């Protein structure tokens with residue numbers, strides 16, 4: 401049941417990315433290109449996505465556990481730190497360079513896998529570099 | 003107002019956004035987890051989380067291209083990538099490293115975090131949006147694209 405629900409949720413997410421146009425890098429770049437032919441569609445997608453999630457967080461606060469899992473595993477960190485800021489800026493640079501963020505990258509594997517594969521492989525490599533680097537600095541300190 | 007932006011797709015954007023938000027709500031209320039793609043990717047790759055979490059992450063990640071492909075059958079869309087292969091590789095490296103260091107991407111911070119009113123997610127979303135705006139402006143200044 402857990403796995404079927406996760407698959408369904410992923411498929412709905414991927415379908416939404418495609419329908420909203422966010423799987424198309426040109427649409428995303430159009431939003432980021434404020435000095436060009438600005439395309440506000442991404443703002444509508446964010447609005448549409450935040451509505452059900454706001455309701456979900458409201459419901460979540462009154463639940464002791466999720467419907468098909470033993471407990472919630474949610475980020476608890478509160479403090480603002482340098483890795484958060486630096487990581488976000490690095491991510492934003494890559495996002496601006498290509499118009500692609502992780503969700504659309506993976507979703508595009510189902511649409512035009514060959515065109516997106518270099519990005520996905522490089523993204524996995526970037527994640528691996530971070531993983532090794534974080535592990536190493538943990539061992540040193 | 004939208005008459006000024008003839009290439010905007012507000013209805014598709016809102017409906018698609020509702021689908022994305024509903025999917026994230028299912029992850030939260032059903033499975034107790036954040037539908038953040040970069041985090042789920044890292045769990046799938048065994049870079050964070052438990053083996054139990056890994057299976058859920060794998061199913062969600064497999065679902066993404068499946069759902070996109072099914073939707074493409076019903077509503078074919080144009081996919082335009084203007085980035086050169088070198089930009090795609092550089093962008094992928096930056097996105098992979100940056101989302102892990104910054105604990106999230108557009109979905110985790112932008113959709114799930116903002117709706118949770120998380121201060122960390124507001125800061126992250128502001129910074130990655132800002133950095134992306136600046137990057138695109140610099141590309142525009144550097145030449146035609």
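Residue numbers (our numbering), protein chains in the order written: chain A, 401 to 541; chain B, 3 to 147.
From the three backbone atoms N, C-alpha and C, an ideal C-beta is built for every residue, glycine too.
Note that this is a predicted model, so its numbers are computed, not measured.
For residue i, which of the options has the nearest alpha-carbon?
i	options	result
residue 74 (chain B)	A:489, A:507, A:499	A:507
residue 493 (chain A)	B:142, B:132, B:59, B:31	B:132
residue 478 (chain A)	B:121, B:32, B:59	B:121
residue 472 (chain A)	B:135, B:29, B:99, B:124	B:29
residue 135 (chain B)	A:424, A:423, A:439, A:530	A:439
residue 9 (chain B)	A:437, A:499, A:490, A:470	A:437
residue 410 (chain A)	B:66, B:124, B:43, B:32	B:66
residue 486 (chain A)	B:88, B:81, B:97	B:97
Just reading off the alpha helix (DSSP H) that residue i is part of, what are its end residues?
i	result
residue 578 (chain A)	What the structure shows of chain A is the stretch from 401 to 541, and residue 578 (chain A) is not part of that stretch, so it cannot be assessed.
residue 413 (chain A)	402-420
residue 57 (chain B)	53-76
residue 47 (chain B)	Segment: none, residue 47 (chain B) is in no alpha helix (DSSP H) and carries neither H nor E.
residue 99 (chain B)	87-103
residue 488 (chain A)	482-498
residue 427 (chain A)	425-432
Within the same chain, show all residues whose beta-carbon is closer than 8 Å to that of residue i, passing over the 5 residues directly before and after it, in chain order.
i	result
residue 421 (chain A)	427, 441, 445
residue 113 (chain B)	22, 23, 26, 37
residue 143 (chain B)	none
residue 46 (chain B)	56, 59, 60, 63
residue 126 (chain B)	104, 105, 106, 111, 115
Please work out which residues of its chain come closer than 7 Å, Cβ to Cβ, to residue i, disregarding the five sequence neighbours upstream and downstream, and give them in chain order.
i	result
residue 40 (chain B)	101, 102, 106, 107, 110
residue 3 (chain B)	For residue 3 (chain B), the predicted model reports a pLDDT of 45, less than 50, meaning its position is unreliable; a value from the coordinates is still stated below. Excluding sequence neighbours, residue 3 (chain B) sits near nothing in its chain.
residue 516 (chain A)	505, 508, 509
residue 402 (chain A)	468, 469
By DSSP, does residue i sit in helix, in strand, or in coil?
i	result
residue 138 (chain B)	helix
residue 9 (chain B)	coil
residue 505 (chain A)	helix
residue 36 (chain B)	coil
residue 122 (chain B)	helix
residue 117 (chain B)	helix
residue 109 (chain B)	helix
residue 442 (chain A)	helix
residue 17 (chain B)	helix
residue 131 (chain B)	helix
residue 3 (chain B)	For residue 3 (chain B), the predicted model reports a pLDDT of 45, less than 50, meaning its position is unreliable; a value from the coordinates is still stated below. Looking at residue 3 (chain B) - three-state DSSP - the assignment turns out to be coil, as it is neither helix nor strand.
residue 83 (chain B)	coil
residue 436 (chain A)	coil
residue 145 (chain B)	coil
residue 474 (chain A)	coil
Under 8 Å between C-beta atoms, does residue i make it to chain E?
i	result
residue 538 (chain A)	The structure shown contains no chain E; its protein chains are A and B.
Quick one: what's got a C-beta closer than 6 Å to residue i's C-beta in the same chain, skipping five residues either side?
i	result
residue 432 (chain A)	496
residue 519 (chain A)	500, 505
Going by the C-beta, is residue i closer than 7 Å to any heavy atom of the ligand NAP?
i	result
residue 440 (chain A)	What this structure holds is no ligand at all, so the ligand NAP is not there to describe.
*Counting only runs that start and end within the segment 446-472 of chain A, where is the alpha helix (DSSP H) found for 4 or more residues in a row?*
none
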